[in-house]
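Contents: one structure, followed by commentary.
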RNA sequence: CGGGGCAUGGUGUAACGGCUAACAUGCUCGCUUUGGGAGCGAGUGAUUCCCGGUUCGAAUCCGGGUGCCCCGACCA
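Residue numbers (my numbering): 1118 to 1527.
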């Protein structure tokens, strides 16, 4: 893409109202626009990053977890929440139809997916069922905070599983841990992200969260460094030791972290609320066992950024970067060759081509801010060697690479 | 929702109750310049968040709103 065609601009200083590192960088680089507290527009490069994260999630949902993607509405009937007892949640955005019927904006989709599945589930032969969606959620938070980490409208992946018995649920739940681990590794924060025992609510001992260690986080976890599992601070008082390997509580390390994912055994809480049942092999009617599995997609983008940045700007992992290469010509004489390189590389990978007539310093500063993995500089100097200077964003060393060898980086 | 802070061109900041609200940056035009946010010149851009009050006079003081940020509470 030609940088001159990008309608967004970078700015030197973030608005002073943003203190969160993720919001400062995303706004300075023109990835997002703030509409109000906790509500952001996604601009071209921000959207590209988000779409890449979505695709990584989709792949794991489809291939590892064999789930089917659907898309449910944001407008929900309040009646459904009366059935599950969640109609008094204070984070619900409430609204009405013109006819007066009470509605809420969806903050989660159990109240929609269970009646939906009820229309398609009758026999044990129909089970298990796995459905997921990637969709905006609305939560009327008393306090939005930390940039994109806690918004009032935000993109979320939510998966719901339906099982005939506890064993079948259990094995799927374990598989979901694996899928989640794959996702966080692929987006580049595998080393900082830990599965964490958390409160299971009234009907399960535990749920599990995926917590990314960063000072920007709003949770505290107690990390067991021997087995790489953590315990959420909210349940630490009930524990004597690591539930995974038995290491003593006093040897766990307390860290600040952000919850990027959560998986939750629901037992029959929601299926019972809507009489979601099936007929088993013996002809008996039984309740369906459920699980739900969430990932905050926008929050994940923010969490990646909190982990991957330096004083100059963002450092995107290649898997989610808006572009792979940032091509920068210096001087009139380099432009012709840069055009040619852009045409060749651009056929195979995403290249942001800085074709703007601005000073070198500005190009470099913007390049560091935007944080594309590979910076390619073409100048009279490099052309004398028939080369291009290649620099990885996360490294300080540059090296000259012959133009014909550039293909090996694709 | 409890506590604290802030609000001035697009952005970042300045201005004793008193002159035409200043500076930087941005943007426009011209010249110049191309290996780290370049230089010179000329322009442009503001209902000082809103409503009310005090005063001869309010960006500045007072009252009430609203918005934003931070701490806490909350977070199936």
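Where is the CB? At the ideal position from N, CA and C, for every residue including glycine. Fair warning: this is a prediction, and the values are worked out from it, not measured in the lab.
Taking residue i as part of the beta strand (DSSP E), name the residues at either end of that continuous run.
i	result
residue 1477	Here residue 1477 belongs to no beta strand (DSSP E); instead the alpha helix (DSSP H) covers 1477-1487.
residue 1313	1310-1316
residue 1212	1210-1213
residue 1456	From DSSP, residue 1456 is part of no beta strand (DSSP E) but of the alpha helix (DSSP H) over 1449-1462.
residue 1177	Run containing residue 1177: none; DSSP gives neither H nor E here.
residue 1418	Not the beta strand (DSSP E): residue 1418 falls in the alpha helix (DSSP H), residues 1414-1424.
residue 1329	1323-1330
residue 1347	1346-1349
residue 1498	Here residue 1498 belongs to no beta strand (DSSP E); instead the alpha helix (DSSP H) covers 1497-1501.
residue 1189	Careful: residue 1189 lies outside any beta strand (DSSP E) and carries neither H nor E.
Considering only residues of the same chain and omitting the five flanking positions on each side of residue i, which have a CB-CB separation below 8 Å?
i	result
residue 1394	1388, 1402, 1403, 1404 and 1405
residue 1244	1238, 1279, 1280, 1281, 1285, 1395 and 1405
residue 1337	1349, 1350, 1371, 1372, 1373 and 1374
May I ask which residues mark the beginning and end of the alpha helix (DSSP H) holding residue i?
i	result
residue 1387	1386-1390
residue 1293	1283-1303
residue 1231	1227-1235
residue 1084	The question about residue 1084 has no answer, for the chain in this structure spans 1118 to 1527.
residue 1515	Run containing residue 1515: none in the alpha helix (DSSP H); it sits in the beta strand (DSSP E), 1515-1519.
residue 1198	1195-1201
residue 1396	Element bounds for residue 1396: not the alpha helix (DSSP H) but the beta strand (DSSP E), 1394-1396.
When the Cα of residue i is compared with those of the options, which residue comes out closest?
i	options	result
residue 1450	1440, 1379, 1346 and 1501	1501
residue 1468	1527, 1212 and 1377	1527
residue 1107	1196, 1200 and 1226	Residue 1107 lies beyond the stretch modelled for the chain, which goes from 1118 to 1527, so this question has no answer here.
residue 1193	1232, 1367, 1442 and 1399	1232
residue 1191	1270, 1120 and 1392	1270
residue 1377	1168, 1431, 1328 and 1185	1328
residue 1482	1429, 1155, 1456 and 1525	1429
residue 1409	1419, 1385, 1421 and 1399	1385
residue 1303	1164, 1173, 1480 and 1230	1173
residue 1228	1399, 1203 and 1368	1203
residue 1123	1147, 1441, 1166 and 1283	1147
Quick one, are the C-beta atoms of residue i and residue j less than 8 Å apart?
i	j	result
residue 1305	residue 1425	yes
residue 1350	residue 1339	yes
residue 1508	residue 1497	no
residue 1275	residue 1297	no
residue 1445	residue 1494	yes
residue 1489	residue 1439	yes
residue 1382	residue 1321	yes
residue 1160	residue 1170	no
residue 1528	residue 1487	What the structure shows of the chain is the stretch from 1118 to 1527, and residue 1528 is not part of that stretch, so it cannot be assessed.
residue 1431	residue 1142	yes
residue 1316	residue 1352	yes
residue 1247	residue 1182	yes
residue 1139	residue 1423	yes
residue 1208	residue 1253	no
residue 1157	residue 1334	no
Is it buried or exposed, residue i, if we count other Cβ atoms within 10 angstroms and call 16 or more buried?
i	result
residue 1263	buried
residue 1132	exposed
residue 1187	exposed
residue 1178	buried
residue 1330	buried
residue 1477	exposed
residue 1466	exposed
residue 1475	exposed
residue 1128	exposed
residue 1363	exposed
residue 1310	buried
residue 1130	exposed
residue 1343	exposed
Short of 6 Å in beta carbon distance, which residues of its chain neighbour residue i, apart from the five on each side in sequence? Order them along the chain.
i	result
residue 1529	Lying outside 1118 to 1527, the shown extent of the chain, residue 1529 is not represented and no answer is given.
residue 1511	1432
Within its chain, find whatever has a CB closer than 7 Å to the CB of residue i; leave out the 5 residues flanking it on each side and keep chain order.
i	result
residue 1119	1470 and 1472
residue 1499	1505, 1506 and 1517
residue 1413	1271, 1273 and 1377
residue 1293	1182, 1380 and 1410
residue 1454	1495 and 1500
residue 1391	1200, 1231, 1232 and 1235
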